[in-house]
Amino acid sequence: MPAADWQRQLPVLTGRRAILRPLQPTDATALLTMVGSAEVGRFISPPPTTLDGFRRFIDWSAAEQREGRHVCYGVVPRRGHTTVGLFQVRSLESGFGVAEWGFALGSAFWGTGLFLEAAQLVLGFTFDVLGTFRLEARAAVENGRGNGALRKLGAVEEGVLRRSFLRCGRYHDQMLWVLLSDERTPPLRLR
Ligand SMILES: CC(C)(COP(=O)(O)OP(=O)(O)OC[C@H]1O[C@@H](n2cnc3c(N)ncnc32)[C@H](O)[C@@H]1OP(=O)(O)O)[C@@H](O)C(=O)NCCC(=O)NCCS
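FYI, in the working numbering the residues of the sequence shown are 78 to 268.
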């Protein structure tokens with residue numbers, strides 16, 4: 078099957094507050110500061126802890142995109158030039174019908190409304206361009222902000238995945254959140 082346009086080049090998504098664009102090798106420094114912090118990584122799979130680690134992640138992500146398995150957007154506030162977070166979507170089957178997403182923003186941008194807008198742009202791309210009909214997310218039960226963010230987007234809590242996530246030598250329970258394309262609600266109002 079020929080590669081889809083997004084496999085060759087991810088389209089830039091533009092909102093009122095944020096621009097979402099493919100990661101570039103030069104994003105590694107900003108990502109290390111923003112996403113590599115202990116606060117951001119507290120409840121998620123540990124992000125890279127070095128510049129080289131983020132460079133390898135950016136290369137890996139571009140290769141996975143070309144193979145049609147994964148996309149990753151960097152979040153750049155309209156008033157800035159550096160990447161302050163990222164959204165990843167990966168397919169859970171061949172094709173993107175069922176997919177999983179994950180996201181992280183630098184803690185300076187929590188509670189600012191940036192998440193909501195960026196999430197809505199990524200959801201539009203995932204449902205309309207990738208053709209996903211079921212989008213899953215897993216969040217450790219202790220992750221108040223992560224679960225609150227998914228609830229706010231209208232995701233449905235399908236259950237608890239007991240002791241499904243190994244973090245710091247201990248297995249944690251995770252909430253399974255799902256958005257279905259045919260249950261999409263109108264975009265939430267931005268603050
Ligand atoms: C997840 C993340 C991207 C969300 O961005 P954010 O700017 O913090 O999200 P928002 O503030 O828009 O939404 C979070 C919601 O959770 C609520 N919340 C915060 N702490 C909470 C808690 N302990 N329990 C329940 N809800 C909580 C907030 O009040 C907010 O809802 P509101 O806007 O209706 O008040 C960001 O917190 C982050 O990067 N966290 C670290 C990485 C991570 O955990 N990723 C998610 C993996 S699933």
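Beta carbons: idealized from backbone N, C-alpha and C, even for Gly. Quick caveat: nothing in here was measured; it's all calculated off a predicted structure.
An exposed status is given to Gln101, since fewer than 16 other beta-carbon atoms sit within 10 Å of its beta-carbon. Secondary-structure assignment with DSSP links Arg247 through a beta bridge to Arg244.
Less than 8 Å separates the beta-carbon of Leu227 from that of Ala214. Relative to ligand 1, Phe180 has its C-beta within less than 7 Å of a heavy atom. Around the beta-carbon of Val89, fewer than 16 other beta-carbon atoms lie within 10 Å, marking it exposed.
In terms of side-chain proximity, the C-beta atom of Thr262 is found no nearer than 7 Å to any non-hydrogen atom of ligand 1. Ser171 carries a coil assignment under DSSP once its states are collapsed to helix, strand and coil.
Note on Tyr150: 16 or more other CB atoms within 10 angstroms of its CB, so buried under the neighbour-count rule. A straight line joining the alpha-carbon of His147 with that of Arg93 spans about 26 Å.
By the C-beta criterion, the segment 252–260 is judged to be in contact with the segment 202–214, since at least 3 inter-stretch pairs fall below 8 Å. With respect to Val152, Val161 sits close: the two C-beta atoms are nearer than 8 Å. The C-alpha of Glu235 is placed about 16 Å away from the C-alpha of Asp259.
The DSSP assignment places complete alpha helix (DSSP H) segments of no fewer than 4 residues inside the segment 152–228 at 191–202, in order along the chain. DSSP, read as helix, strand or coil, puts Ile135 in helix. The C-alpha of Pro124 lies about 11 Å from the C-alpha of Phe180.
Within a 10 Å sphere around the beta-carbon of Pro263 sit fewer than 16 other beta-carbons, which makes this residue exposed. The DSSP-derived three-state label of Met78 is coil. For Pro99, the secondary structure class from DSSP, reduced to helix, strand or coil, is strand.
Looking from the CA of Phe134, the closest CA among Asp104, Leu207, Gln84 belongs to Asp104. For Leu109, the enclosing alpha helix (DSSP H) starts and ends at 105–111.
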